[in-house]
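See structure below.
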Amino acid sequence: MQAWQQVEEIVRLMSTTEGRTKVYRLLQYTSKSLQLVMQRVFEIDAGDDGIRVLKALETLLGTCRKTMRLFRFVDMALLLTTVEDKNLAIRRVRQMRILTFFGMYLFENISLFYASMQIKLPRTSNKQRSSRTFTIQWRRWSHACWFLSLCLGLGLDLNLKRTSYVAVLKNLTEIPIALILTLRVRVDDSLLCSLGVASSLLALHLHRSAMPQLRPAKLFEGMQ
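If you want it as structure tokens, here you go:
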């Protein structure tokens with residue numbers, strides 16, 4: 001691939017918010033993976049400058065991704081009214097999936113300002129000495145909505161018999177990540193990094209394949 005073609009591919013990927021988000025996600029998981037390799041394979045101390053730079057890059061990319069998803073729940077709310085399908089069951093599943101996206105973006109936006117919220121439940125009987133407290137972890141609710149959206153998306157792909165095996169494989173790699181984050185299960189970081197890098201590459205490939213090719217501009221084109 002020539003240099004100008006490589007530049008064209010980069011411009012195509014970074015020309016949309018969705019493309020930038022997927023690139024940042026890949027770089028974020030790559031930064032985390034490099035930290036693990038440096039610590040476990042090369043036995044470099046966690047306080048090393050290189051690891052600290054990668055950690056800062058990982059945090060920065062994660063913050064950028066969250067910032068770009070601000071108020072995306074509004075788009076999902078508007079999209080909900082535009083769903084059309086002759087099959088009532090398929091239409092309802094698509095609407096439910098949009099609702100899960102709505103919840104995912106909404107709870108993630110809330111988590112940027114309030115990590116959690118505590119609700120005091122009233123006493124159910126006189127024997128109970130104090131009221132119970134229920135804590136809402138907004139990030140956990142966001143991950144739960146993400147998990148549901150992946151399950152619904154996989155069900156739609158199988159029901160509609162879509163031929164994109166890459167999309168199915170991407171969902172299969174992301175479902176374990178969403179489930180682990182929802183249940184707060186402690187797993188090795190290498191497992192999450194492997195699944196994250198794989199799903200990011202597949203998502204980037206799908207986005208790149210779906211984008212139209214750029215038409216090279218001719219010199220003095222449009223000038224009369």
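In the working numbering, the protein residues as written are 1 to 224.
All residues carry an ideal CB built from backbone N, CA and C; glycine is no exception.
Buried or exposed (CB count within 10 angstroms, at least 16 for buried), residue i
i	result
K86	exposed
A115	exposed
W4	exposed
K161	exposed
I98	buried
V230	Since the first and last residues shown for the chain are 1 and 224, residue 230 lies out of range.
L61	buried
I119	exposed
G103	buried
T173	buried
Which of helix, strand or coil DSSP assigns to residue i
i	result
L152	helix
M117	strand
T81	coil
F71	coil
R208	helix
R132	strand
Q224	For Q224, the pLDDT reaches just 39, beneath the cut-off of 50, and the residue's location in the model is therefore unreliable, although a value from the coordinates is still provided. Correct three-state label for Q224: coil.
Residue-chain proximity (residue i, chain D), Cβ-Cβ < 9 Å
i	result
T21	The structure shown contains no chain D, having only a single protein chain.
Contact under 9 Å by Cβ, residue i with residue j
i	j	result
K22	L13	yes
Q28	R52	no
F101	C145	yes
F147	L179	yes
V197	T30	yes
L106	F73	yes
K170	S142	no
L201	L80	no
I110	W138	yes
R208	L181	no
R20	M68	yes
Span separating the alpha-carbon of residue i from that of residue j
i	j	result
K218	E8	The predicted position of K218 is uncertain, since its pLDDT is 46 and thus under 50; no value can be drawn from it.
E18	R132	42 Å
A239	L206	What the structure shows of the chain is the stretch from 1 to 224, and residue 239 is not part of that stretch, so it cannot be assessed.
V37	D48	13 Å
D45	Q39	6 Å
R184	S190	16 Å
L54	L195	19 Å
L154	S164	11 Å
N159	S149	15 Å
L78	E108	18 Å
Y24	T16	12 Å
L204	I10	12 Å
E58	V41	20 Å
F71	V166	29 Å
Q95	I175	20 Å
V168	I136	32 Å
V83	L156	14 Å
Report the start-end ranges of each alpha helix (DSSP H) in the region 14 to 67 that is 4 residues or longer and not cut off at the edges.
Given a length threshold of 4 residues, each whole run of the alpha helix (DSSP H) inside the region 14 to 67 is given here in chain order: 17 to 40.
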